[in-house]
Amino acid sequence: MNMRNIHDLPALETPKLYLDGVSVFSNPLAKKRISSKPLSAKKVKNSPKVLMYHRVVEDKNISGNETKCVHVDEFRKQLEVLEKFNYTPITFEDYSLHTQNLLRLPQKPVIITFDDGYVDTYDVAFPIMKEFGMNGVLFALGNRSILTNKWDEDQEDISRAELMNNEQLVELHKNGFEIGAHTLNHPNLKDLSPEDCYEEISNSKVVLESIIGEKVRTFSYPYGFVNKRLKKLVAKSGFDFACGVYSGPVTFSEDLMEIRRLEVKNTTSVIGFASKLLTPYEYLEYLWWKFKKQ
Ligand SMILES: [Zn+2]
Numbered sequence: 001m002n003m004r005n006i007h008d009l010p011a012l013e014t015p016k017l018y019l020d021g022v023s024v025f026s027n028p029l030a031k032k033r034i035s036s037k038p039l040s041a042k043k044v045k046n047s048p049k050v051l052m053y054h055r056v057v058e059d060k061n062i063s064g065n066e067t068k069c070v071h072v073d074e075f076r077k078q079l080e081v082l083e084k085f086n087y088t089p090i091t092f093e094d095y096s097l098h099t100q101n102l103l104r105l106p107q108k109p110v111i112i113t114f115d116d117g118y119v120d121t122y123d124v125a126f127p128i129m130k131e132f133g134m135n136g137v138l139f140a141l142g143n144r145s146i147l148t149n150k151w152d153e154d155q156e157d158i159s160r161a162e163l164m165n166n167e168q169l170v171e172l173h174k175n176g177f178e179i180g181a182h183t184l185n186h187p188n189l190k191d192l193s194p195e196d197c198y199e200e201i202s203n204s205k206v207v208l209e210s211i212i213g214e215k216v217r218t219f220s221y222p223y224g225f226v227n228k229r230l231k232k233l234v235a236k237s238g239f240d241f242a243c244g245v246y247s248g249p250v251t252f253s254e255d256l257m258e259i260r261r262l263e264v265k266n267t268t269s270v271i272g273f274a275s276k277l278l279t280p281y282e283y284l285e286y287l288w289w290k291f292k293k294q
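Counting from 1, position 103 in the sequence shown corresponds to residue 103 in the working numbering; the numbering is continuous, with no gaps.
Next up, the structure:
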């Protein structure tokens, strides 16, 4: 099969996602080409950088105090850095097309992920990303009756925040965002039996698929906790990709069940953000992780 250049894909009326300026994922033809077969890891030259966000907020009192809350002004500056250095946001779904030789990745792919599914990802981050013609990946909970981050209730330094409803998830998805799963209830999977872990992982996929009406391919481990047993359960549940945080190999494609991400925090300066992208920062984090594991 010949690899198609993304520019060969038919143009769309309302491009939502840009790969070198061409919309791909709102293209139904492109979607049909994704096989349901599990992916094998494939070495690529232009390995995507994966960024992790939780909340993007307008309130400086919150961003001033909470690690996981990036102020909207900083977020905008970070997107400007991505744009300036020619990074092109893609999704894991795009990467899966690439592994099937159906899509050529841009030179500098980046995957912008958001964990937990906060309303501010929809209200604050999404409109700015839209302005930049960028998309991302949102990891939501399968238990749709959970309305706030109640799993953080023991943590006094983390404020309560509202989670997105189903309509907002669908709207994001329609606008080129990939929706991934983050378990049903946000437990720390290390505390659960294998049976309960499997239920949390696989049922979150089923529920979210029923909401967006499409396959959910990517999982994010709550608290970044991952081990061999969990990776097997995630693969058994039918996910093609799974994201940790500070673990996993430095090259994206080496272990698709433990993808390392670069966390963007409230204290991440523009220079800090640029150096995460442009220097071997990830490699240093990886060496530190290996050292600690010994
Ligand atoms: Zn989470």
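The beta-carbon is built from N, C-alpha and C at its ideal position, and this holds for glycine as well. Just so it is clear, the structure is predicted and the values come from calculations on it, not from any experiment.
For Phe241, the enclosing beta strand (DSSP E) starts and ends at Phe241 to Cys243. Between the region 122 to 134 and the region 225 to 242 there are fewer than three inter-stretch CB-CB distances shorter than 8 Å, so the stretches are not counted as touching. In its chain, beyond the 5 residues on either side, Val110, Ile111, Thr113, Cys243, Phe252, Ile259, Arg260, Arg261 and Leu262 have a beta carbon closer than 8 Å to the beta carbon of Val50.
Under DSSP, Lys49 forms a beta bridge with Val110. Residue pairing of Ser220 in beta bridges, as defined by DSSP: Cys243. At least 9 Å separates the beta-carbon of Pro194 from that of Pro222. With the rule of 3 Cβ pairs closer than 8 Å, the region 137 to 155 counts as touching the region 201 to 213.
Under DSSP, Tyr198 forms no beta bridge with any residue. When secondary structure is reduced to three states using DSSP, Tyr87 falls in the coil class, being assigned neither helix nor strand. Membership of Gly180 in the beta strand (DSSP E) is indicated by the continuous run Glu178 to Ala181.
Contact annotation: Ile212 and Thr183 have beta-carbon atoms that are not nearer than 9 Å. For Ala235, the enclosing alpha helix (DSSP H) has its first and last residue at Lys228 to Lys236.
In this structure the region 49 to 67 touches the region 152 to 164; the number of beta carbon pairs closer than 8 Å is three or more.
Exposed is the label assigned to Lys293, since fewer than 16 other Cβ atoms lie within 10 Å of its Cβ. Cβ-Cβ separation between Lys228 and Thr67: approximately 29 Å, too far for a contact (criterion under 8 Å). Taking a contact as a CB-CB distance under 8 Å, the pair Val245 and Glu282 does not count as one, their CB atoms being some 12 Å apart. Apart from sequence neighbours up to five positions away, the residues of its chain that approach Tyr118 with a beta-carbon distance below 8 Å are His54, Arg55, Asn149, Ala161, Glu162, Leu163 and Met164, ordered along the chain. Distances taken from the Cβ of Phe252 to the heavy atoms of ligand 1 include none shorter than 8 Å.
Between ligand 1 and Tyr246, a heavy atom-to-CB distance of less than 8 Å is absent. Just so you know, the alpha carbons of Gly136 and Ile90 end up roughly 7 Å apart. In the assembly as shown, Ile271 is an exposed residue. Its beta-carbon has fewer than 16 other beta-carbons within 10 Å. Residue pairing from DSSP places Glu162 in a beta bridge opposite Thr148. Note on Ser275: under 16 other CB atoms within 10 angstroms of its CB, so exposed under the neighbour-count rule.
Per the DSSP secondary-structure output, Arg55 pairs in a beta bridge with Cys69.
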